[in-house]
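Below you'll find the structure, written out as structure tokens, and then a few comments.
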Amino acid sequence: MSDKNVSLPVARIAPPIAPGVPSTVGTDFLTTKLDALVQWAQKNSLWPMPFGTACCAIEFMSSVSSHYDLARFGAEVVRFSPRQADLMIIAGTVTDKQAPILRKIYDQMPEPKWVISMGVCACTGGFYRAYHVVQGVDEIVPVDVYVAGCPPTPENLIHGLIELQKRIQSGELARHREAKTYVPIRVGTDPQVESIPAYSKSVMAPGRAHGHELPEMADSAEAEAAKGGKA
Amino acid sequence: MSATLSPASGVSFAPVLERKFPDGSVHVERRPATDVPTVVATPETCIEAAGFLRDDPAAAYDLLLDLVAVDRLKLDGPASFRGDERFQLNALLYSTKRNEHLRLRVALPASDPRLPTLTEIWPASNWFEREAWDLMGIRFDGHPNLTRLLTHNGFVGHALRKDYEAGQRWLCTDEDVLQTALAAKTDLPEDVFETMTLNFGPSHPSTHGTLRIVLRVDGERIVAAESECGYLHRCFEKMSETHTYTQVIPYTDRLNYCSPMINGNGYARAVEQMLGIEIPARAKAVRVVLSEFSRIMDHMVCIGANLVDLGGLTTFWYSYQAREEIYSLLEACCGARLTSSYARIGGLSLDVPDNFVEWCRTLSKSVTTHIGEVNTLLTKNRIVQKRMSGTGVVTKEQAIAWGFTGPCLRASGVGYDVRKDKPYDGYDEVDFDVPVTTAGDNYSRYLVRMEEMRQSLRIIEQVIARLPGGPVVSNDYRVVLPPKEMVYNEMEGLIFHFKNVFEGIQVPAGEIYSYTEGANGELGYSIVSDGSGNPYRVKVRPPCFPLFAAFEKIIIGGMVSDAVATLGTLNIIAGELDR
């Protein structure tokens with residue numbers, strides 16, 4: 494980034510809003526500050542897209558309604574359109590039938606985007622060790638913050654949101670995403686799969702998984718474009 | 007604990023049945039008095055028997071509640087197992103005229119189990135048959151669309167068969183889930199000039215993330231529709247089979263997650279009936295109070311969410327405030343806000359807090375205020391009236407044919423309420439009314455729910471006015487955990503504790519259909535026990551299931567925006583719909 498693109502006011506307002514940033518004087522001083530500014534803006538204007546499927550969605554509704562009021566934490570504008578959102582909150586059990594839809598919705602969200610997995614069903618499948626339930630949504634999309642609970646109380650969800658905001662501010666998540674954009678899918682007869690603990694050894698029928706790959710990630714043109722755009 | 011067999015009550019039509027089927031191919035089975043009476047037929051005679059049961063004035067079973075398929079593979083043990091009767095299909099029926107339940111049972115062979123479809127006799131059977139085909143592999147000859155319903159199209163095998171491993175998953179791809187059967191259909195009316203196919207859900211705010219409808223629209227008018235469910239099929243029934251009777255209770259909370267207490271109470275009641283135990287009066291009273299508060303919560307979220315879908319966010323904040331206040335009471339009683347797991351087989355897990363009665367009184371007052379607020383906002387609101395009056399109309403005959411129960415049936419003019427017609431847990435000792443309207447439209451369903459909330463408050467006030475003292479759990483230690491003092495100080499207590507924890511509750515072998523009034527209608531549990539610590543088969547009769555099955559028929563001819571209003575007033579809860 495050339496210095497021309499960075500306006501001086503940014504440099505002046507950066508220290509008060511991001512006090513934790515080391516004030517190294519050098520050529521990359523302004524770039525660092527701009528990131529901090531952008532991250533600060535991002536963390537305080539999250540637009541959540543609730544991917545609510547089950548009981549956790551009811552607690553999500555509690556979180557946004559008058560008593561708990563998620564708006565106090567800068568995640569005010571709940572959007573049901575993925576194109577207008579940057580934070581996906583997966584609230585509830587995701588089944589195998591729902592999985593391709595979840596991936597499609599995730600791919601439709603513009604970068605940068607974050608994912609909170611709300612509740613143990615979304616995190617690990619919960620106590621549904623069953624034939625139709627995804628054993629953790631990180632089989633399908635990368636997850637930034639896992640919120641435990643069945644369902645998590647609104648306080649828990651708010652805590653998860655604050656944790657996400659801290660990580661957005663520190664830039665930790667962006668680095669993580671670049672290093673390992675998508676988590677591998679825990680399905681199929683791939684040799685890697687057996688090393689991942691699963692309830693049943695026959696998670697997928699043999700012979701079928703090789704032919705198809707579960708809601709493909711790398712092939713998504715939008716995801717690629719978004720990735721390219723960020724890098 | 008063992009129940010004696012008796013000629014079942016309520017089968018006054020038995021002599022007529024004997025005359026009609028003198029060879030005994032259709033006959034009445036002797037059942038324990040707690041269970042519903044049963045008529046047994048064969049695949050060949052079942053259509054004739056079903057026709058008789060529906061049409062004969064002595065029987066008049068006009069409402070199909072549920073189809074329960076049972077795989078008996080491991081029930082009788084391999085030695086005594088008769089290979090030609092592996093499956094059983096039970097149709098659960100209700101007569102709105104005679105207020106009686108009945109089970110129609112057909113035994114089916116292990117290889118290629120099939121029988122003629124019942125959709126001609128009870129249209130509600132359509133989706134239940136698809137479910138039985140999907141999960142149990144029972145084929146219905148002549149069914150209009152016998153395809154998978156709850157699992158996805160990439161699924162192989164039938165998950166509820168006893169030889170299917172509980173954790174065996176199958177890959178679901180985009181093609182498996184997103185194909186639109188309707189788009190390929192060509193048998194549409196000739197006069198449709200220009201139509202388009204519109205995919206509606208499952209990720210859509212008004213389908214609540216888990217329902218999908220494919221519409222064929224002519225402008226804004228719906229000319230054909232096909233609804234699809236199963237996006238939240240999380241295998242409740244298979245999970246129940248792999249857990250003990252007590253461990254099933256948390257799963258029941260997650261069926262209708264808008265009113266979890268009612269589910270747990272219904273399940274506990276079913277198992278208590280199988281065990282033949284009576285629960286203490288205090289437990290019954292607390293169950294009733296919290297069930298009624300849960301009903302209010304459920305109706306509140308139904309109305310609030312419905313209005314959000316219609317574009318009025320304000321009501322939601324008011325209706326949710328009532329929920330938050332009721333949550334606080336539940337939290338004080340059992341420690342959890344939403345998924346309470348409060349019921350236990352034999353009573354409740356804990357006693358209520360000391361200030362329970364005062365708390366209920368205060369809460370009752372503030373909930374009355376919130377109901378009043380919602381009422382002021384909506385009942386005479388002209389926009390609400392215009393959106394809801396005359397849309398989504400279901401006639402009385404349709405509601406019965408489609409298997410409706412609960413507020414949706416009562417809004418169509420049939421006053422069936424399990425609390426009134428088959429009272430349990432002391433509902434016969436309180437004074438309350440069952441609101442009924444006849445218009446059957448969205449506005450009627452809204453009005454019925456509003457009035458039911460007021461009636462629930464009436465019930466609560468009467469019950470807490472004379473809340474009995476004493477324990478909240480039975481002292482039958484074969485079923486409930488003994489108190490800790492007993493476990494630590496007495497040998498017997500230790501033994502009971504050990505057996506309860508390690509082996510689970512031993513329910514005598516048998517079968518039951520037990521039903522309570524859920525927030526959306528008759529919530530039934532069919533449980534089959536093989537005498538071990540785990541249920542052999544648990545089938546829920548989800549009130550939402552027939553409602554959503556009929557949805558595609560209700561919305562034909564209406565506008566897309568009316569479909570949204572209708573979906574909201576039917577109050578489809580996916581956890582219960584898909585289980």
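These protein sequences, in sequence, are chains A and B.
The first sequence begins at 494 in this note's numbering and counts up one residue at a time.
The second sequence begins at 7 in this note's numbering and counts up one residue at a time.
We put the beta carbon where it would ideally sit given N, CA and C, even for glycine.
Taking all protein chains in view, the Cβ of A/Met554 is crowded by 16 or more other Cβ atoms within 10 Å, so the residue is classified as buried. The way I'd put it, the stretch 462 to 477 of chain B does touch the stretch 288 to 296 of chain B; three or more beta-carbon pairs between them come closer than 8 Å.
Around B/Glu330, the beta-carbon contacts reaching into chain A at under 9 Å are Ser555, Ser558, Ser559, His560 and Tyr561. For A/Gly545, the residues of chain B that pass the 8 Å Cβ criterion are His214 and Gly215, in the order they occur in the chain. As DSSP reads the structure, B/Glu35 sits in a beta bridge with B/Thr44.
Neighbourhood of B/Lys80 in chain A, by CB distance below 9 Å: empty, with the nearest CB roughly 18 Å away.
Put simply, the backbone Cα of B/Tyr422 is about 18 Å away from that of B/His305.
Nearest C-alpha to B/Phe551 among B/Val277, B/Asp41, B/Phe134 and B/Ser212: B/Phe134. In terms of Cα proximity to B/Lys402, the closest of B/Thr444, B/Val390 and B/Pro413 is B/Thr444. Look at B/Ala287 here: in three-state DSSP terms it is helix. The residues Met280, Val513, Pro514, Ala515, Gly516, Glu517, Pro541 and Tyr542, in chain order, have a CB closer than 8 Å to that of B/Ser535 in the same chain once the five nearest residues on each side in sequence are set aside. Inclusion of A/Leu650 and A/Met602 in the CB contact set at 8 Å is not warranted, their separation being larger than that value.
Beta bridge pairing from DSSP links B/Phe146 with B/Leu121. Residue pairing for B/Gln94: DSSP places it in a beta bridge opposite B/Val76 and B/Ala113.
For the alpha helix (DSSP H) assignment, the uninterrupted runs of no fewer than 4 residues enclosed by the stretch 538 to 621 of chain A are, from N- to C-terminal side, 548 to 557, 592 to 601 and 613 to 617. With respect to B/Cys52, B/Pro150 sits apart: the two C-beta atoms are not nearer than 8 Å. The straight-line gap separating the alpha-carbon atoms of A/Ser538 and A/Val638 is approximately 17 Å.
In the DSSP assignment, the residues bridged to B/Asn205 are B/Val220. Residue-level contact by beta carbon holds for A/Ile598 and chain B, with a gap shorter than 8 Å. Chain order gives no chain A residues near B/Gly524, where near means a beta carbon separation below 7 Å; the closest approach is about 16 Å.
Per DSSP, reduced to three states, the secondary structure at B/Tyr452 is helical. Where A/Lys659 is concerned, there is no enclosing beta strand (DSSP E), although the alpha helix (DSSP H) around it starts and stops at Pro647 to Ser663. At the C-beta level, B/Asp315 and B/Gly564 stay beyond 8 Å of one another. Using beta-carbon distances, B/Ser209 counts as an interface residue toward chain A, with a partner under 8 Å. C-alpha of B/Lys392 to C-alpha of B/Ala571: approximately 11 Å in a straight line.
Taking a beta-carbon distance threshold of 8 Å, A/Thr586 counts as an interface residue toward chain B.
For B/Leu108, the closest alpha carbon among the candidates B/Val45, B/Ser372, B/Arg367 and B/Gly475 is that of B/Val45. Short of 6 Å from the beta carbon of B/Cys339, and not among the five residues preceding or following it, lie these beta carbons of its own chain, in chain order: Val358.
By a beta-carbon distance limit of 8 Å, B/Val454 does not contact B/Arg425. Their separation comes to about 14 Å.
Not a single C-beta of chain B is nearer than 8 Å to the C-beta of A/Phe566.
Excluding five sequence positions before and after B/Leu296, the CB atoms of its chain that fall closer than 6 Å to its own CB belong to Met267, given in chain order. Of the candidates B/Gly272, B/Leu336 and B/Val400, the residue whose Cα lies closest to the Cα of B/Ile351 is B/Gly272.
A direct Cα-to-Cα measurement between B/Tyr452 and B/Asn132 gives close to 27 Å. Of the candidates B/Leu156, B/Leu70, B/Val373 and B/His164, the residue whose Cα lies closest to the Cα of B/Arg460 is B/Val373. C-alpha of B/Asp482 to C-alpha of B/Glu284: approximately 10 Å in a straight line.
Proximity of chain A to B/Ala580 at the Cβ level (cut-off 8 Å) is accounted for by Thr546 and Ala547, in chain order.
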